[in-house]
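Enquirer: Residue numbers (numbering that gives the first Met the number 0), protein chains in the order written: chain H, 0 to 278; chain G, 0 to 277; chain C, 0 to 264.
Where a beta carbon is used, it is the ideal one built from N, C-alpha and C, also for glycine.
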Amino acid sequence: MSAAPPPAPLPVPLGTPATGRTWRKPGFVENAWLRWGILLVLAAYLIYASAAVDLNVARMLRGLPRARDFLLQMFPPDFSRWDLLYTGVLESLQMAVFSTAIGSVLSIPIAIGAATNVAPRPIYLLCRGWISISRTFPEVIIAIFFVKAFGFGPFSGVLTLIVASTGFVGKMLAEDIEDIDNGQVEAIEATGAGWSKMLLYAVFPQVMPRLVGLVVYRLDINLRESTIIGIVGAGGIGGALFNSFLRYEYDFSLAILLVIIALVLVAEWASGVIRERIT
Amino acid sequence: MLRVENLVKVYPSGKTALHGCTLRLDGSDVLFVIGPSGSGKSTFIRCINRLVEPTEGQVFLDGVELTGLKRAGLRRQRRFMGMIFQEYNLVERLTVMENVLSGRLGYVSFTQAILRRFPQRDIDDAFQLLDRVGLTGYENHRADALSGGQRQRVGIARALIQHPKILLVDEPTSSLDPKTSRSIMRLIAELSKEHQLPAIINIHDVSLAQAFADRIVGLADGRIVFDGDPDKVNAATLSAIYGEEDWSKTIAHADEDNGNNNDNEAATAPADAAGVAG
Amino acid sequence: MNAAPHHDWRRHTRKQTLRRFAIELAIAMAVVWAATGLDIYWPFLWDAPPTVLDLARRMLPPDWSFFDNIVPPMIETVNIATLGTILAVFMAFPVAVISARNTTPNAATYWLGRLIVVSSRSVNELVWGLIMVVFFGPGALAGVAAIALRSVGFTAKLLAEAIEEIDRGQVEAIEASGASRPLVFLYGIVPQIMPAFWGVTVFRWDINIRQSSVIGLVGAGGIGIVLNSAMNLFRWDQVTVILIAIFAVVLVSETVSAALRAKYT
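In structure tokens, the structure reads:
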């Protein structure tokens with residue numbers, strides 16, 4: 000193949016002659032000063048922040064040999080203490096199942112209270128406040144809090160997961176209740192039914208399928224979290240994982256991690272399949 | 000100029016879209032390919048620049064066999080074939096100018112492309128073309144803010160800025176209303192003459208084809224069943240291409256060349272020109 | 000004539016009832032199994048309300064004089080989240096390209112991409128934190144690395160989905176002009192995924208603000224370190240201040256993220 004011919008001007012001159020007009024892509028902000036100002040501020044922030052967290056190549060490079068040693072010590076994974084692994088995983092699983100059950104039951108009144116269309120104003124604010132607090136804090140912070148209050152062990156973990164579940168399921172369910180078809184509510188109220196019967200006949204039938212989906216989804220999340228909160232002492236396999244790091248038993252750490260990853264993937268897959276089938 | 004020899008395309012599904020098509024195109028003829036949906040028009044045009052890989056047969060452009068080329072060689076030859084699409088295929092979130100200049104991507108470096116620093120010659124060309132297709136002052140509009148007709152004009156400019164040796168045009172008007180269709184088709188035909196560019200245009204609107212064609216090829220079920228002058232198209236040839244139907248009205252409209260009503264019919268019920276008679 | 004279908008219909012209902020009952024029984028048994036299996040001394044539950052009340056008494060009023068001490072670690076938390084997100088986005092881009100079916104070069108790269116996504120996503124940021132502290136020592140750098148590694152999978156997964164959903168026609172048009180592969184990517188694909196890119200980035204940043212308040216618990220920098228020490232010293236009035244600060248920052252980031260996404264995507 001010969002090289003491409005030089006880009007000739009168009010074979011036949013078009014209506015107007017070449018004007019020599021230049022063109023630049025318009026910037027994301029019309030005003031050039033403002034545009035450069037924004038870029039400058041961003042660049043300055045990046046430099047400041049990188050310096051503040053000591054993000055530099057030299058330190059990264061110093062980490063490399065340690066990373067290599069770590070990886071070498073990790074392999075092969077050590078499954079010899081499978082009984083410890085087994086009890087940890089079992090505890091995580093039990094924590095997840097139990098707290099999902101209790102959390103879901105508790106989240107129903109909270110969701111009703113947090114739905115504008117069915118709850119009176121003071122109750123609404125109270126329930127919304129609870130949801131917003133329990134959703135804002137990561138599970139681990141709630142866990143460390145309960146561990147300090149109630150001591151180490153699965154009890155704190157279960158409480159943590161219950162609180163987090165009420166926030167999650169409560170919020171989603173409240174949104175579903177707010178989205179229901181109001182015609183059905185009116186129809187039931189028109190029969191002379193009171194507030195509780197209205198809930199029973201007009202609201203629950205509409206949100207029930209969604210609630211089941213949410214509970215299954217939350218079970219998946221709780222299982223994930225139950226493998227982690229042990230790091231701060233709230234029960235489950237996370238405790239064993241944390242200890243293995245403290246004792247530099249990285250091959251055991253890898254074994255635990257692999258089991259956690261497998262568990263998380265299976266839970267995610269199963270929860271996806273179940274939710275697909277019920278909706 | 001362009002020579003297509005015995006082109007065959009079998010899709011992985013087993014469907015044979017082209018059963019050995021042979022064609023020669025010289026000079027600056029505007030060739031319209033007509034045929035019903037699924038007759039292989041789109042496959043035929045895409046096999047020429049190998050957006051669809053032909054199963055058998057050869058395509059030659061100025062003596063270069065496109066069908067035997069490896070990726071780099073093919074890319075080089077694609078620069079010489081400007082393509083215009085049915086759905087315009089503009090990069091929706093880029094400006095009109097960037098879309099037009101994207102026709103020069105075969106010539107510029109990665110750095111030029113990412114910084115949008117195209118050679119001044121390309122920018123001159125782009126402005127000229129935008130003026131010519133009637134989009135003066137639109138260079139910094141985003142493509143998704145344009146109407147269908149305007150988008151197709153950008154598509155035409157993008158194809159022409161490649162300095163192509165040939166235009167490949169795939170159903171350029173089937174997403175447009177009849178009036179816009181006509182002006183777009185006229186623009187393509189005029190530009191083809193101005194630039195001495197041969198063009199292959201897929202279309203299912205028979206009367207539009209007859210109005211602007213130098214030559215018409217009829218495709219039915221992957222076979223070329225007609226190849227000749229537009230005025231040689233008659234009821235018998237249309238029956239061979241589309242199937243039996245009363246074609247007298249379709250042809251009459253085309254002869255009068257005021258076929259607005261027919262255009263309308265074709266635009267709303269594409270691929271079924273037969274509908275006119277019914 | 001009428002009796003037979005009526006009979007059939009009833010049998011079917013009974014079957015459904017049985018099925019429902021079986022599922023409910025299974026769930027009940029699972030919950031009982033979980034409750035009895037857990038190493039919890041249940042009467043302890045009765046002590047819970049007084050304990051919580053006692054705790055609440057110690058937490059209030061908040062010790063606002065402590066506020067000055069938490070400003071620098073709070074800023075560090077935001078820095079960790081922001082830098083971690085930026086790093087993650089840079090790493091996620093190539094991963095997304097190889098884990099999208101329509102841009103991955105071959106099957107091997109596709110599965111490599113999937114593997115990176117899965118391992119990044121299924122390891123918690125605290126665990127990434129533990130590992131990064133081993134690599135870089137305690138401090139914010141380990142936090143940035145942990146947040147980045149944890150976010151790569153999420154970001155790459157969503158970006159890959161955006162790449163898989165692009166309009167093929169726009170890509171075809173660029174290919175037809177004879178552009179090379181990188182240029183086809185740059186002009187045909189990148190503009191189409193930009194809205195998803197910004198949306199995912201801002202969304203992940205919002206999540207990361209929350210997560211980086213935690214990683215201090217394993218020594219990876221940020222407000223978590225201060226929270227941990229205040230709790231170890233049983234300074235509950237200081238804990239309250241820290242929790243309020245975290246709450247406020249998370250709320251602000253959530254609002255900013257929602258506003259940005261509503262405006263630009």
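(1) To which residues of the same chain is H:L105 closer than 6 Å at the C-beta, ignoring the five residues directly before and after it?
(2) In chain G, which residues lie with their C-beta within 8 Å of the C-beta of C:Q169?
(3) List, from N- to C-terminal side, the beta strand (DSSP E) runs of 3 residues or more that fit wholly inside the region 177-214 of chain G.
(4) Span of the alpha helix (DSSP H) holding H:F203?
(5) Any C-beta of chain H sitting closer than 8 Å to the C-beta of G:I155?
(6) What residues from chain G crowd round H:R20, counting only those whose CB sits closer than 8 Å?
(7) Using 10 angstroms around the beta-carbon of C:T76, count the other beta-carbons present and answer buried if the total reaches 16, otherwise exposed.
(8) Got a sec? Which residues, its chain only, sit under 7 Å from C:V88 by beta carbon, not counting five neighbours each side?
(9) Along chain H, in chain order, which residues have C-beta atoms closer than 9 Å to that of G:T94?
(10) Is G:E55 helix, strand or coil when you go by DSSP?
(11) Give me the subset of the region 171-199 of chain C whose CB atoms are less than 7 Å from a CB atom of chain G, sorted by chain position.
(12) C:P60 and C:D236: beta carbons closer than 8 Å?
(13) Work out the CA separation of C:A178 and G:N48 for me, nearest whole Å.
(14) Using a 10 Å radius around the Cβ and a threshold of 16 neighbouring Cβ atoms, would you call G:A235 buried or exposed?
(15) List the residues of chain C that G:I288 touches, going by C-beta distances under 8 Å, in chain order.
(16) G:Q151 versus chain H: which residues are under 8 Å apart at the beta carbon?
(17) Is the CB of H:E90 under 8 Å away from at least one CB in chain C?
(18) Compute the Euclidean distance between the alpha carbons of G:E64 and G:Q57, then round it to the nearest angstrom.
(19) Mind checking if G:Q119 is an interface residue toward chain H, Cβ cutoff 8 Å exclusive?
(20) Any residues in the region 41-75 of chain H with a beta carbon nearer than 7 Å to a beta carbon of chain C? Which ones, in chain order?
(21) Give the DSSP-derived three-state secondary structure of G:M0 in the structure shown.
(22) Please list, in chain order, the chain H residues whose beta carbon lies closer than 8 Å to that of G:E97.
(23) Under three-state DSSP, which class holds C:N68?
(24) Check whether the Cβ of G:K8 lies closer than 8 Å to any Cβ atom in chain C.
(25) Using DSSP with H/G/I as helix, E/B as strand and the rest coil, what is H:N116?
(26) I want to see whether chain C comes within less than 8 Å of H:L199, judged by CB atoms only; does it?
(27) Tell me whether G:N48 sits in a helix, a strand or coil according to DSSP, three-state version.
(28) Could you work out which residue in H:L39, H:A51 and H:I37 is closest to C:G142 when comparing CA atoms only?
(29) Mapping DSSP to helix, strand and coil, what is C:A219?
(30) With 8 Å set as the bound, which would you pick, yes or no: does the beta-carbon of G:E189 sit closer than that to a beta-carbon of chain H?
(31) I want to see whether chain C comes within less than 8 Å of G:F31, judged by CB atoms only; does it?
(32) Count the other CB atoms, across all protein chains shown, that sit within 10 Å of the CB of H:V265; report buried if there are 16 or more and exposed otherwise.
(33) Contact check, H:S133 vs H:V96 under 8 Å by CB: the rounded distance?
(34) Is it right to say H:L171 is buried, meaning 16 or more other beta carbons lie within 10 angstroms of its own, or is it exposed?
(35) Measuring CB to CB, does H:P153 end up less than 8 Å from C:D67?
(36) Can you tell me whether C:R56 is buried or exposed? The criterion is at least 16 other CB atoms within 10 Å of its CB, across all chains shown.
Expert: In brief:
(1) Within the first sequence, numbered from 1, the residue matching residue 105 of chain H stands at position 106. Here the set comprises T165.
(2) For this step, residue 169 of chain C is matched to residue 170 along the third sequence. Here the neighbours are N88, L89, V90 and E91.
(3) 198-202
(4) Position 204 of the first sequence, counted from the first residue, corresponds to residue 203 of chain H. F203 to S225 is the span of the alpha helix (DSSP H), which, as asked, contains H:F203.
(5) The residue given as residue 155 of chain G occupies position 156 in the second sequence. With 8 Å as the cut-off, G:I155 does not count as an interface residue toward chain H.
(6) As a first step, residue 20 of chain H is located in the first sequence; it is residue number 21 there, counting from the start. Ordered by position in chain G, the residues that pass the 8 Å Cβ test against H:R20 are I122, D123 and F126.
(7) Here residue 76 of chain C refers to the residue found at position 77 when the third sequence is read from its first residue. Counting Cβ neighbours within 10 Å, C:T76 comes out buried, since at least 16 surround it.
(8) In the third sequence, counting from the first residue as 1, residue 88 of chain C sits at position 89. Within the same chain, C:V88 has close Cβ partners T154 and T200.
(9) Taking the first residue of the second sequence as 1, we reach residue 94 of chain G at position 95. The answer, in chain order, is K24 and P25.
(10) For this step, residue 55 of chain G is matched to residue 56 along the second sequence. Reduced to three states, the DSSP call for G:E55 is strand.
(11) E171, A172, I173, E174, A175, S176, G177, A178, S179, P181, L182, L185, Y186, G187, P190, Q191 and M193
(12) The residue you call residue 60 of chain C lines up with position 61 of the third sequence. The residue you call residue 236 of chain C lines up with position 237 of the third sequence. Against a cut-off of 8 Å, the Cβ pair of C:D236 and C:P60 comes out as a contact.
(13) On the second sequence, residue 48 of chain G is found 49 positions in, with the first residue counted as 1. On the third sequence, residue 178 of chain C is found 179 positions in, with the first residue counted as 1. The straight-line gap from Cα to Cα measures roughly 13 Å.
(14) Reading the second sequence from its first residue, position 236 is the one you call residue 235 of chain G. Counting Cβ neighbours within 10 Å, G:A235 comes out exposed, since fewer than 16 surround it.
(15) The structure shown does not extend to residue 288 of chain G, since chain G spans only 0 to 277, so no value can be given for it.
(16) The residue labelled residue 151 of chain G in the question sits at position 152 within the second sequence. Within 8 Å Cβ-Cβ: nothing; G:Q151 doesn't reach chain H, min ~18 Å.
(17) Within the first sequence, the letter at position 91 stands for residue 90 of chain H. Yes, contact with chain C.
(18) In the second sequence, counting from the first residue as 1, residue 64 of chain G sits at position 65. In the second sequence, counting from the first residue as 1, residue 57 of chain G sits at position 58. For G:E64 and G:Q57, the distance between alpha carbons rounds to 7 Å.
(19) Taking the first residue of the second sequence as 1, we reach residue 119 of chain G at position 120. Chain H contact via Cβ: present.
(20) A48, S49, A51, V52, D53, L54, R58, G62, R65, A66 and F69
(21) Mapped onto the second sequence, residue 0 of chain G falls at position 1. Here G:M0 sits in coil by DSSP.
(22) Taking the first residue of the second sequence as position 1, residue 97 of chain G is located at position 98. Those within 8 Å of G:E97 in chain H are K24.
(23) Along the third sequence, read from residue 1 onward, the residue named residue 68 of chain C stands at position 69. C:N68 falls in the helix class under three-state DSSP.
(24) Indexing the second sequence from 1 puts residue 8 of chain G at position 9. No, because no Cβ of chain C sits closer than 8 Å to the Cβ of G:K8.
(25) As a working note, residue 116 of chain H is residue 117 in the first sequence. Coil, per DSSP.
(26) For the purposes of this step, residue 199 of chain H is taken as residue 200 along the first sequence, with counting starting at 1. Not an interface residue.
(27) Position 49 of the second sequence holds residue 48 of chain G. In the structure shown, G:N48 sits in coil (DSSP, three-state: anything other than H, G, I, E or B).
(28) On the third sequence, position 143 is the one that residue 142 of chain C refers to. Of H:L39, H:A51 and H:I37, the residue nearest in Cα terms is H:A51.
(29) In the third sequence, counting from the first residue as 1, residue 219 of chain C sits at position 220. Reduced to three states, the DSSP call for C:A219 is coil.
(30) As a first step, residue 189 of chain G is located in the second sequence; it is residue number 190 there, counting from the start. Chain H contact via Cβ: absent.
(31) The residue you call residue 31 of chain G lines up with position 32 of the second sequence. No, no contact with chain C.
(32) Here residue 265 of chain H refers to the residue found at position 266 when the first sequence is read from its first residue. Under this definition H:V265 is an exposed residue.
(33) Within the first sequence, the letter at position 134 stands for residue 133 of chain H. Within the first sequence, the letter at position 97 stands for residue 96 of chain H. Contact flag wrong, Cβ pair sits at about 20 Å.
(34) Numbered from 1 along the first sequence, position 172 holds the residue referred to as residue 171 of chain H. What sits at residue 171 of chain H in the sequence shown is Met, not Leu. Looking at its Cβ environment, which holds 16 or more other Cβ atoms inside 10 Å, H:M171 is buried.
(35) To locate residue 153 of chain H, count along the first sequence from 1; it is residue 154. To locate residue 67 of chain C, count along the third sequence from 1; it is residue 68. Contact flag unset, no.
(36) Taking the first residue of the third sequence as 1, we reach residue 56 of chain C at position 57. So C:R56 counts as exposed.
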